[in-house]
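Chains as they are written, first to last, in the numbering used here: chain A, 1397 to 2241; chain B, 812 to 1320.
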């Protein structure tokens, strides 16, 4: 929706500018220029906020960093070149003198001199022309792109309503609201608040007891106590891991043809654990990027590096392995850049970046850090690709050691037996021994051999040595079985002999060009001197406080998670084509605070939760919808539909079906028949789990890359790194939450739950209980009335069709309580199905 | 996926909305009328308060998502379209142009000989034949004969296609970049080899909106050869919306179970019971809407209504019991069996009649590396009659003029033989440099062949058509300038044709 809106705004601008560009209307230009010089004279144009986005979007394609596409040898992204004489002898920009600046002449030209050229498809709007002109008039001051400058901690802005702020965040928000003549919203109701924070911090709704305790607690820090309790809950890690799984393109299969099963879940469990332990974000980063290179790296630190082995693996027949291997290096490079730097480095894979200061050479220099994995490009370790880490359980380690010992012992015995009994072996037995070690014999011979064996055994019992050899063979097989059952997971490692990295023309593995050394883009913080240029030092470079991007990009993603949209909306792109933050000072303050706190993630989350901004009611008004439809100014709390994975968890929790258990192999709940078959030419079938696995949290559900879990929507495809998900509203979602087996079973279980839990026999009380479990509040009279009437109607409908009632209450694996009346249960199931589909339940409010 | 939501039906207001001040009384009247018609259609209707409020929302909430969803983008279509809808019959696995369309009788004299280096020009090969010692020419395994008013040569494996030769345009000069299936299919459908860009149908839904209020704008149906002879599977990103909002993704109609996932009410819940629950739900959501003033709630109310209507419209569409026997005779016996390509062709025609904009069939079974002597014929049997029947059927219903039908694979196959041509089993490897496909209807010149390959059917020598050119042409027929349909993502204005593509003027009627 957001992106959509963005585009339609652009559409408008285009439509405007098209008519504007019409040559017959050239008279308007005069008027416009006059406007630019007068009406807006007071506003100070800021280069980064106002001018750079225009230049970047409309001019840099031909007059930007990419030297191969540059026209007229004019660069507008550099001050020196823009102010210097161009090829034609004219000066593009003369500070303070729009009338002398060639740029102004060209963007307002009414003939073929018009810039951007009509055929480019890029058009400047009248407002954009005004801005550029005004900026030149004010002296054409240049700034480095904001996000490439290390953030400086801004002072708290002055505000009028000093009573509102609860912490620093609110100063920034309120200052902006006051300048926009908007008011903040009152604090949300306590029921709303506890549901909001519980969903935000644990991904589950509060229990009725938790709600009651919070309502009863009149102490001034009642809210903070709940926040602290939730931050300490092990559910916190299970909630926070969700976005990280999308970013890390985590899945349980390889993707591509074949799409074989891999076991990367030990990495997933490492992340949950790290989040729950509140591992500082810099350490969290270093361990995932280069844990294997830390001195005396632990098993956990090696598992952590699975982050950059989560990419797809291509096992397609005929695939050239080196082509795949190079793809994996690209994937690691671009994923790392997107997640930690928030830049679209991938644009520089084939040519210099069109907008941002990254050359193609720099792309390959960064990729060199990820190009040194001892890998072949194919699938060479069962369904996975080396390097792989084996993770035997304690018992497995013991068993394997025992088996190995036994084999060694047997070997010694055999050797001994041979030495003492060697002279006694008769001719026949030597032949037999030779036959048993020979290559597979033709059938005839085999039969003969069997006969011979039998005959030999009958004639003479096995010698001691033969018995030992048989024993040894059995033990070897047992060892192989034991070793194969050991869990394996892919990790990063370094080749001893570094692989050379070359610039690849148009990103093709077949077209190596100049050889490059590992390095980082010159436009960012510099790499430490006197350290090895390896992946570990690269990870340390990423988390260096001088890195202008990592802290901003990270806190922005947290903001996006809690408010539905980041302070920079384009959370995947902090480059010149990304959005200028609405609250840049707040972003910078949060970023510096994050570093100052020692990259303390839970403290950052708490800071956001404790702000008055976060605690506002999400109630809006038509005026506010008109003024700030996307709630970018935060004059109200956030209200948006919960991610589909959380919708499922919520339904399980409300109904009481949820089975909580942290970590372990993925699970397979309900899925309609034929889904996997459709995607695998009928060769792979989905085998649904039974029992508690059906009721585990969504994050543990088996993710097959070629066909993701069908009960989710608006998710990442888990094929490439995704840091921002769409949020749409379609009939398919409605069908899912109304009809999917898991959701229907949850409705039935919720019905059973309220029938058994409510002390009162009155339907009204049971309905109230169900409503409260789902929303954390009691229904209003008007609402209760609708539900009660609906229940009565359902009772009469199911009374007339008991067969139907029985069918409905039999959906799902959980046996139904036979004590409960079928008609009543079916009617409550209908009501519960409705409640679980209430907009309020689907939303975080 | 993109539905034309109730609130926008029969209005032509552009998506990027005018403000309330610009809405004429006539517009308002239209909206009101439509709303009433829509709610009137539901079994028991919806609370008057809900109705009034939604209407109010639409009229006065400038940012209502409801109104925006299904409308074309401002300025789209860019010019009068020739085609209103597309039926894309994707033949996945790559049908052999040499054995089906690109008649090269001269190849017989080169049989078994290596193709000269002056022709192959150091072509990149897959690992399957890269190391094969001898790569001898294998002329067509099928006979060709002439058909239609222009005496077009067509393989005898395709008798039904031969019968529609006057209605189709055979492009013999296609070429592409990828040599493996998944990247090549992705390239055809999204303009890029790697997953992540929107599929053609998504671009069209995004640009043009939807023309049917009860069905998605972009529908996908898949089928495969019964033998499962080749490993080509259909990744859902083939019809994914990439970086476009996911409502523009293709909705897959399935051959078994619910035609659309989760379409059916749970066992024991009748339509009447469901209707009652939905009415209560709408009332409760309306109370919430009044309280919170969140336009998304109004959207949600209408999407639940749309879901309800789909529960009727989709099964009705896929229920072929109302089709006369003559339909099945026309499309062939397999058309009675769910999940087959033939069946999907009948459904495609029904979807076209209902105004679905992009109907995408994918059929796999064409990857004949080893089993050319047997499997090519089988595939032709599976697809030839229904494909031709679809064109004839559209024509007899007057739909062919504004329906663009495309039939073809993701690349071609090598002129040289993969394996030993004297053995029982042999075939052809992947060949991206030249291949054929056909297009019919939708303002494309009928009855012609376009482009030409060299004597070896190896390289294009006249009128080359790159995949991006084909995409530009398809968009043009739908009234879209391919350079104008863009979406800004990761700082770049993306489009289906990347930064390439020229409309193939030579095939336009």
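Glycine residues also receive a C-beta, built at the ideal position from the N, C-alpha and C atoms.
8 Å Cβ cutoff, residue i in contact with chain A
i: residue 1153(B); result: no
i: residue 1022(B); result: no
i: residue 1098(B); result: yes
i: residue 1111(B); result: yes
8 Å Cβ cutoff met for residue i and residue j
i: residue 1252(B); j: residue 891(B); result: no
i: residue 1093(B); j: residue 1112(B); result: yes
i: residue 2014(A); j: residue 2035(A); result: yes
i: residue 2243(A); j: residue 1475(A); result: Nothing in the structure corresponds to residue 2243(A), since chain A is present only between 1397 and 2241.
i: residue 1002(B); j: residue 887(B); result: no
i: residue 1099(B); j: residue 2235(A); result: yes
i: residue 1048(B); j: residue 994(B); result: no
i: residue 1261(B); j: residue 893(B); result: no
Three-state secondary structure (DSSP) of residue i
i: residue 2046(A); result: helix
i: residue 980(B); result: strand
i: residue 1569(A); result: helix
i: residue 1246(B); result: strand
i: residue 1521(A); result: coil
i: residue 1207(B); result: helix
i: residue 2182(A); result: helix
i: residue 1913(A); result: coil
i: residue 1139(B); result: helix
i: residue 964(B); result: strand
i: residue 1987(A); result: helix
i: residue 810(B); result: The first residue shown for chain B is 812 and the last is 1320, placing residue 810(B) beyond what the model contains.
i: residue 1305(B); result: strand
Neighbour flag for residue i against chain B, beta carbons, 8 Å
i: residue 1536(A); result: no
i: residue 1584(A); result: no
i: residue 1652(A); result: yes
i: residue 1969(A); result: yes
i: residue 1740(A); result: yes
i: residue 1952(A); result: no
i: residue 1519(A); result: no
i: residue 2323(A); result: Outside the shown range of chain A, which is 1397 to 2241, sits residue 2323(A), and nothing can be said about it.
Per-residue contacts from residue i into chain A (C-beta, under 7 Å)
i: residue 1077(B); result: 2135, 2140, 2204, 2207
i: residue 1028(B); result: Here the premise fails: no neighbours, minimum Cβ distance about 11 Å.
i: residue 1124(B); result: What residue 1124(B) touches in chain A: nothing, since even the nearest Cβ is about 11 Å away.
Under 9 Å from the C-beta of residue i: neighbouring residues of chain B
i: residue 2106(A); result: 1072, 1073
i: residue 1619(A); result: None at all; the shortest Cβ gap to chain B is about 22 Å.
Interface residues of chain A facing residue i [CB-CB closer than 8 Å]
i: residue 1092(B); result: 2230, 2233, 2234
i: residue 1114(B); result: 2125, 2126, 2127, 2129, 2130
i: residue 1067(B); result: 2069, 2070
Residues near residue i in its chain [Cβ-Cβ closer than 6 Å; skip 5 each side]
i: residue 1979(A); result: 1568, 1963
i: residue 1300(B); result: 1054
i: residue 2059(A); result: 1665
i: residue 1142(B); result: 1153, 1156, 1157, 1197, 1200
Chain-ordered neighbours of residue i on chain B, where CB pairs are closer than 8 Å
i: residue 2115(A); result: 1006, 1007, 1048
Distance cut-off 7 Å: residue i Cβ against heavy atoms of the ligand MG
i: residue 1118(B); result: As for the ligand MG, it is missing from this structure, which has no ligand bound.
Within chain B, partners of residue i - CB distance below 7 Å
i: residue 2075(A); result: 1044, 1045
i: residue 2035(A); result: 1103, 1105
8 Å Cβ shell around residue i - same chain, five flanking residues per side excluded
i: residue 1482(A); result: 1468, 1469, 1470, 1488, 1498
**Q.** Contact set between the segment 2183 to 2200 of chain A and chain E, restricted to residues whose Cβ is under 9 Å from the partner
**A.** Note that chain E does not occur in the displayed structure, where the protein chains are A and B.
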